[in-house]
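Chemist: Take 2 as the starting number for the sequence shown in the working numbering and just add one per residue.
Please see the structure below; I have some questions.
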Amino acid sequence: MAKNTFLIRTSVTLSNSGATFGQSELDLGSYTNLGSSKPEVLRIHSAHVYFQDASGFMPDMGANKAGTINWQLCTTSKSGLVVATDDAFLMGGIAGVRNGDSAVNPPTDGFTETFLPQELEGGQVVAVPSLFLGGAIGSEFTEDGIITVILECTTESMSKANAVSLAISQQ
2 MAKNTFLIRT SVTLSNSGAT FGQSELDLGS YTNLGSSKPE VLRIHSAHVY
52 FQDASGFMPD MGANKAGTIN WQLCTTSKSG LVVATDDAFL MGGIAGVRNG
102 DSAVNPPTDG FTETFLPQEL EGGQVVAVPS LFLGGAIGSE FTEDGIITVI
152 LECTTESMSK ANAVSLAISQ Q
């Protein structure tokens, strides 16, 4: 019988002043435990990402501006954005957006590129005490942005297969 999944939510507020990197820590101590006689790991089945302002809407951009929204979820703390080949990188994305209007409005055009656990067979196994959500937006936005990630997860006993998967992933 399949285990019931649960949701873990985390967010980080990103300043619109000069593409400043922001990061927050997500404590996984309630979900992962490798130091006991029955070690447990977290399996992330899917992730859903939202970009909003403090009111829940898409942040406004300046008139006729274009910029990017960047985010990453890593197994170690970072001082800035990393490339997807970094061993600590679990998932992330980038969106190029544009407000082509002659007034301050939310962006209306864009593209996105993401790497998410639902794109993998079986999701991602995680055995670290914390995850770190980081990101950056540009000064083309007229207000700060909030990146929220909602993870659909289960916990499971640490198995030999999980240990091999983690070792190969170099987490």
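The beta-carbon is built from N, C-alpha and C at its ideal position, and this holds for glycine as well.
(1) Can you check DSSP and say which residues form a bridge with Q24?
(2) Would you kindly work out how many angstroms separate the C-alpha atoms of E122 and I45, rounded to a whole number?
(3) Using C-beta distances below 6 angstroms, list every residue in its chain close to T115, excluding the 5 sequence neighbours before and after it, in chain order.
(4) Thinking C-beta only, is P107 closer than 8 angstroms to F58?
(5) Is the segment 122 to 138 touching the segment 15 to 27, taking contact as three or more C-beta pairs under 8 angstroms?
(6) Less than 8 angstroms between the C-beta atoms of S12 and I148, yes or no?
(7) What separation, rounded to the nearest whole angstrom, lies between the Cα atoms of R53 and G146?
(8) Give me the residue from T33, G111 and L91 with the minimum Cα distance to M159.
(9) Is the CB-CB distance between T6 and E153 below 8 angstroms?
(10) Would you call the CB atoms of T69 and G139 closer than 8 angstroms?
(11) Helix or strand or just coil, what does DSSP make of E184?
(12) Which of the three DSSP states, helix, strand or coil, is assigned to A162?
(13) Using three-state DSSP, classify V126 as helix, strand or coil.
(14) Quick one, are the C-beta atoms of A67 and E141 less than 8 angstroms apart?
(15) Where L91 and Q73 are concerned, what is the direct C-alpha to C-alpha distance, given to the nearest angstrom?
(16) Quick one: using the 10 Å Cβ neighbour count with 16 as the cut-off for buried, is L110 buried or exposed?
Modeler: Let me spell this out:
(1) G135
(2) 11 angstroms
(3) G94
(4) yes
(5) yes
(6) yes
(7) The displayed chain sequence assigns Gln, not Arg, to residue 53. If I take the Cα positions, the gap works out to 6 angstroms.
(8) T33
(9) yes
(10) yes
(11) As displayed, the chain neither begins before 2 nor continues past 172, which places residue 184 out of reach and without an answer.
(12) helix
(13) strand
(14) yes
(15) 8 angstroms
(16) Note that residue 110 corresponds to Asp in the displayed sequence, not to Leu. D110 is exposed by the Cβ-count criterion.
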